[in-house]
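Asker:
2 protein chains.
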Amino acid sequence: MSSRGSNLNRPKAVTSVDVAAESGVSQATVTRAYSSPHLVSDKTQAKVFEAADRLGYVPNAIARSLKSQRTDIIGAVVPAQGEYWQGFLTATSQQLVAKGKQLLLFSFVSTDEVDEVLAAIRQYRLDGLILASANIEQPQILRTAQTGLPIVAFNQPAASGVVPSVSVDNKAGSQALAEHLVFQGARTVLFVGGMSHTSTDQLRYRGAAQALGGNGVACPYMEAGSYTYDAGFKAAGQIIEMQDRPDAVMVASDEIAFGVIDGLRLGGLDVPNDIMVTGFDGLPQASWAGYDLTTLVQSTPVLVEQTIRLLIESDSGPAERIAESPADLVVSGTLRLGRTTNNFERNDLKTG
Amino acid sequence: MSSRGSNLNRPKAVTSVDVAAESGVSQATVTRAYSSPHLVSDKTQAKVFEAADRLGYVPNAIARSLKSQRTDIIGAVVPAQGEYWQGFLTATSQQLVAKGKQLLLFSFVSTDEVDEVLAAIRQYRLDGLILASANIEQPQILRTAQTGLPIVAFNQPAASGVVPSVSVDNKAGSQALAEHLVFQGARTVLFVGGMSHTSTDQLRYRGAAQALGGNGVACPYMEAGSYTYDAGFKAAGQIIEMQDRPDAVMVASDEIAFGVIDGLRLGGLDVPNDIMVTGFDGLPQASWAGYDLTTLVQSTPVLVEQTIRLLIESDSGPAERIAESPADLVVSGTLRLGRTTNNFERNDLKTG
DNA sequence: TGACTTGATGAATACGTAGTCATATGGTGT
DNA sequence: ACACCATATGACTACGTATTCATCAAGTCA
Chain C
1 MSSRGSNLNR PKAVTSVDVA AESGVSQATV TRAYSSPHLV SDKTQAKVFE
51 AADRLGYVPN AIARSLKSQR TDIIGAVVPA QGEYWQGFLT ATSQQLVAKG
101 KQLLLFSFVS TDEVDEVLAA IRQYRLDGLI LASANIEQPQ ILRTAQTGLP
151 IVAFNQPAAS GVVPSVSVDN KAGSQALAEH LVFQGARTVL FVGGMSHTST
201 DQLRYRGAAQ ALGGNGVACP YMEAGSYTYD AGFKAAGQII EMQDRPDAVM
251 VASDEIAFGV IDGLRLGGLD VPNDIMVTGF DGLPQASWAG YDLTTLVQST
301 PVLVEQTIRL LIESDSGPAE RIAESPADLV VSGTLRLGRT TNNFERNDLK
351 TG
Chain P
1001 MSSRGSNLNR PKAVTSVDVA AESGVSQATV TRAYSSPHLV SDKTQAKVFE
1051 AADRLGYVPN AIARSLKSQR TDIIGAVVPA QGEYWQGFLT ATSQQLVAKG
1101 KQLLLFSFVS TDEVDEVLAA IRQYRLDGLI LASANIEQPQ ILRTAQTGLP
1151 IVAFNQPAAS GVVPSVSVDN KAGSQALAEH LVFQGARTVL FVGGMSHTST
1201 DQLRYRGAAQ ALGGNGVACP YMEAGSYTYD AGFKAAGQII EMQDRPDAVM
1251 VASDEIAFGV IDGLRLGGLD VPNDIMVTGF DGLPQASWAG YDLTTLVQST
1301 PVLVEQTIRL LIESDSGPAE RIAESPADLV VSGTLRLGRT TNNFERNDLK
1351 TG
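Those sequence lines, one after another, are chains C and P. Residue numbering for the first sequence follows the working numbering, beginning at 1 and increasing consecutively. Residue numbering for the second sequence follows the working numbering, beginning at 1001 and increasing consecutively.
1) Determine the contact status of P:S1165 and P:V1182, defining contact as a CB-CB distance below 8 Å.
2) Counting only runs that start and end within the region 1161–1200 of chain P, where is the alpha helix (DSSP H) found for 4 or more residues in a row?
3) Can you have a look at C:P146 and say buried or exposed, based on whether 16 or more other CB atoms are within 10 angstroms of its CB?
4) In three-state terms, what does DSSP make of C:L264?
5) Determine the contact status of P:I1239 and P:V1249, defining contact as a CB-CB distance below 8 Å.
6) In chain C, which residues lie with their C-beta within 8 Å of the C-beta of P:R1122?
7) Hey, would you say C:G207 sits closer than 8 Å to C:A257, going by beta carbons?
8) Find the nearest neighbour of C:L66 within the set C:G75, C:V168, C:Q123, judged by alpha-carbon distance.
9) Excluding sequence positions up to five away, which residues of its chain have a Cβ less than 7 Å from the Cβ of P:L1142?
10) Under 8 Å by Cβ, that's how I've got P:I1074 and P:L1303 pegged, so tell me the actual separation to the nearest angstrom.
11) At which residues does the beta strand (DSSP E) containing C:T278 begin and terminate?
12) Reducing DSSP to helix, strand and coil, say where P:T1294 ends up.
13) If P:V1438 sits next to P:V1048, beta carbons under 8 Å apart, how far is it from one beta carbon to the other, in whole angstroms?
14) Do you know how far the Cα of C:S287 is from the Cα of C:E83?
15) On the premise that P:A1052 lies in contact with P:V1078, defined as a C-beta separation below 8 Å, what is that separation, rounded to the nearest angstrom?
16) To which residues of the same chain is P:R1064 closer than 6 Å at the C-beta, ignoring the five residues directly before and after it?
17) Under 8 Å, Cβ to Cβ, is there at least one residue of chain C near P:K1229?
18) Taking the alpha carbon of P:V1192 as the point to measure from, which residue in P:G1185, P:I1130, P:S1226 has its own alpha carbon closest?
19) In this structure, what does DSSP give as the bridge partners for P:V1251?
20) Report the residues of the region 254–282 of chain C with a CB closer than 8 Å to any CB of chain P, ordered along the chain.
21) Report the residues of the region 105–136 of chain C with a CB closer than 8 Å to any CB of chain P, ordered along the chain.
22) Return the residue from the list P:G1100, P:V1277, P:L1129, P:N1135 that minimises the CA-CA distance to P:E1113.
23) Would you mind reading off the limits of the beta strand (DSSP E) that contains P:E1324?
24) Taking just the CA atoms, how far does P:G1267 sit from P:Q1175?
25) For the ligand FMN, is there a heavy atom less than 7 Å away from the beta-carbon of P:A1178?
26) Count the C-beta pairs between the region 292–308 of chain C and the region 92–100 of chain C that are closer than 8 Å, then say yes if the count reaches three, no if not.
27) Is the Cβ of C:D247 closer than 8 Å to any Cβ of chain P?
28) Got a sec, what are the start and stop residues for the alpha helix (DSSP H) P:D1042 sits in?
29) Going along the chain, which unbroken runs of the alpha helix (DSSP H) with 4 or more residues stay wholly within the region 1108–1162 of chain P?
30) Helix, strand or coil for P:L1105 per DSSP?
31) Can you tell which of P:D1201, P:P1220, P:T1228, P:R1054 has its C-alpha closest to the C-alpha of P:T1247?
32) Helix or strand or just coil, what does DSSP make of P:G1237?
33) Just to confirm, are P:L1296 and P:L1329 a CB contact at a threshold of 8 Å?
34) Check the C-beta distance from C:F233 over to C:D262 and give it rounded, since I have them as a contact under 8 Å.
35) Report buried or exposed for P:N1273, applying the criterion of at least 16 other Cβ atoms within 10 angstroms of its Cβ.
36) What are the start and end residues of the alpha helix (DSSP H) that includes C:G87?
Now the structure itself:
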């Protein structure tokens, strides 16, 4: 009522044409002063910037994008839940800004929304897309990739056949953990996975089973049901009731592991003296004194860096590329350090 | 080398003109079929969509934005660290997508980058901006607001005088916690803040001090130095060495509180029997069995909803508005429940 | 039936920038 | 002094869509 229903109360937009008039040069020169300074003499450039300052001119990225066919915006599809993703987001945002790019964030709860989200993504003509959610079906990925949008999958090894992919070396990491458990005297080990159908779960389990099998240790699999604390907590309940309780539990992710630890402790077990626990991911909380979890620390910034490089240089070389990064084994309080060596005692160990 | 240096290997872009030709209507009609369907007959609309499907046409949001002067993109400036922000981001992203808008994410570590980030923001002609970082100076906010960009501050009460703001009712929440502590028999309480100069800290401390003072309980202030686990852990070290150790510690945020709890426990104290602890925020981890922290649970989705409403309807009514939301007091294991009532025993209590 | 309204469509243009082409200027080599 | 070249700049146009404005068909009312 009061303000006559104009939802554009913005001051008159200042354009490069206005700056051109103010500084006495052509519009083309104004543009060049910003995007191709080497084509403009120092004197003219100064003149332009002064005029721009006076008028409060800021180049319009939308118009630039329309003309140049580049938005300088990278999209990321990230699961709505999960402690793991915080680090990914901040690392990605920062590294992109450092390259003059921006991050458009998508997340969704129900998979029904995926198509809607992908449609929105296509509309924005992004320069690239990072898929960090395992909830997207291969056909959907394929269809999106066919629009010519460069896509890189992040920590989603299953997508490797479809689009370039970056992930931690799940199998090697899991092997390293398993071997260390054997070294610490574990004779019976249980693997607690998140969701058995995910490639991440499969690789981590395979690595564990192989390493343990090679040492004559069996490794049954238990599915927590999701990659959450609660799922781990419930799994712990089942573990407590097992007849032949294992020496150690290898958990597919740190967040699940926290739930497992709390559940075991609440059930009266001593971690690590009654039962050892390992995680995977290297969340900040893993190093908190309350958990002090033995885990594999992924270097998220490094993974993100590889992802961005793959995305931006996606036109060079063959389309399909896979990068696997090693993780650092950090041995902490959730293991009994009966047998220690200089290499292992609270020390980092490259697994890759 | 191999692929002749074209970084635009995308298929020929399909435009509304192509669809127009394919479907035998004008370009204007194609546009209308998408953005003003009521202006197009059902028959024509079907014809257009069929042709679009055949060609794989997707409207170009960049061109639309240029013409319509609306990007449908909301920006958010969020601190790079802090467990708290994960929930904010996912809630914001989801609620925006539900309104047909997208989220452009900005985060930064050093405050030197702020100006750079703000410049990028201005270039993109966003429809609105959510400031969730306390590290932005008022002059910078003011300058950005003067461009006509609608801004709302999120959980940053200090910005209230400058831009509309949404935050949890820090003072009332803190009072509720304090009163409950008194009710539980606390006679000496220490307040551990994050950074004393932030408005959030000040309000939470003021609420606590007032409620405690009214009950004849003193409330000294200790500064942890940052809103992190590590800062809390260190603060715990100081608390342990205090001569007159308090009955209870009120901590300014959950994340700091986790550090305090772990620090106290590692120092041999029993929480809550030797010393009680409360938090603030209601992080998911607060309800984990390992901490089971008594805290104030902010309803992030509600806060975000208010924020978005304020942002989108920012042209109606006076520019300056402040919304304060109540939080839910959740009493858990970090308190001695010596005296309990039906209201308090592991129950929620509205504080607003 | 003629004047008039409503609904559906096409033609034309503007949004603000970046790149192409053409032009002008000053300096270099012989 | 002439041809030549590198540098600096301006005029012009295209990017793909949304929004006038104009047009035309199909009703509607008296």
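Each residue gets a CB set at the ideal place from its N, CA and C atoms; glycine is no exception. In this text, all values refer to a predicted model and were calculated from it rather than measured experimentally.
Answerer: Looking at the coordinates:
1) No, Cβ-Cβ distance for P:S1165 and P:V1182 is not below 8 Å.
2) List check, alpha helix (DSSP H) in window: 1170–1183.
3) Residue identity differs from the one stated: residue 146 of chain C is Gln in this sequence, not Pro. Result: exposed.
4) Residue state for C:L264 is assigned as helix, using DSSP reduced to three classes.
5) Their beta carbons are under 8 Å apart, which means P:I1239 touches P:V1249 by this criterion.
6) Near P:R1122 (Cβ distances below 8 Å), the residues of chain C are V58.
7) C:A257 sits away from C:G207, with the two beta carbons spaced by 8 Å or more.
8) The shortest C-alpha separation from C:L66 is found at C:Q123.
9) Only V1162 meet the Cβ criterion.
10) Actually they do not touch by this definition, with Cβ atoms about 15 Å apart.
11) 276–278 is the span of the beta strand (DSSP E), which, as asked, contains C:T278.
12) DSSP, reduced to helix, strand and coil, places P:T1294 within a strand of the structure shown.
13) Missing from the structure shown is residue 1438 of chain P; chain P here goes from 1001 to 1352 and no further.
14) C:E83 and C:S287: Cα-Cα distance of roughly 14 Å.
15) In fact, because the Cβ distance is near 37 Å, the residues do not count as touching under 8 Å.
16) Around P:R1064: no qualifying Cβ.
17) It should be pointed out that residue 1229 of chain P corresponds to Tyr in this sequence rather than to Lys. Chain C, which has a Cβ nearer than 8 Å to the Cβ of P:Y1229, makes this yes.
18) Looking at P:G1185, P:I1130, P:S1226, the one whose alpha-carbon comes closest to that of P:V1192 is P:S1226.
19) Bridge partners of P:V1251: P:V1192.
20) Listed by position, the residues of the region 254–282 of chain C near chain P (Cβ gap below 8 Å) are F258, G259, I261, D262, G263, R265, L266.
21) Taking 8 Å as the Cβ-Cβ cut-off against chain P, the residues of the region 105–136 of chain C that qualify are L105, F106, S107, F108, V109, E113, E116, V117, A119, A120, R122, Q123, Y124, R125.
22) Ranking P:G1100, P:V1277, P:L1129, P:N1135 by Cα distance to P:E1113 puts P:N1135 first.
23) Taken as a continuous stretch (DSSP letters only), the beta strand (DSSP E) holding P:E1324 covers 1322–1325.
24) Approximately 29 Å between the Cα atoms of the pair.
25) No copy of the ligand FMN occurs in the structure displayed, which carries no ligand at all.
26) With a cut-off of 8 Å, the region 92–100 of chain C and the region 292–308 of chain C count as touching, because enough Cβ pairs lie within range.
27) Residue contact check for C:D247 against chain P: no CB pair falls below 8 Å.
28) First-last of the alpha helix (DSSP H) with P:D1042: 1042–1055.
29) If we require 4 residues or more, the alpha helix (DSSP H) runs fully inside the region 1108–1162 of chain P come out as 1113–1123, 1138–1145.
30) Three-state DSSP puts P:L1105 in a strand.
31) According to the sequence displayed, residue 1247 of chain P carries Asp and not Thr. If we check each option's Cα against that of P:D1247, P:P1220 comes out closest.
32) If DSSP states are grouped into helix, strand and coil, P:G1237 belongs with the helices.
33) Yes, the pair counts as a contact, with Cβ atoms nearer than the cut-off.
34) So it is a contact: roughly 6 Å between Cβ atoms.
35) Label assigned to P:N1273: exposed.
36) Run containing C:G87: 84–98, per the alpha helix (DSSP H) assignment.
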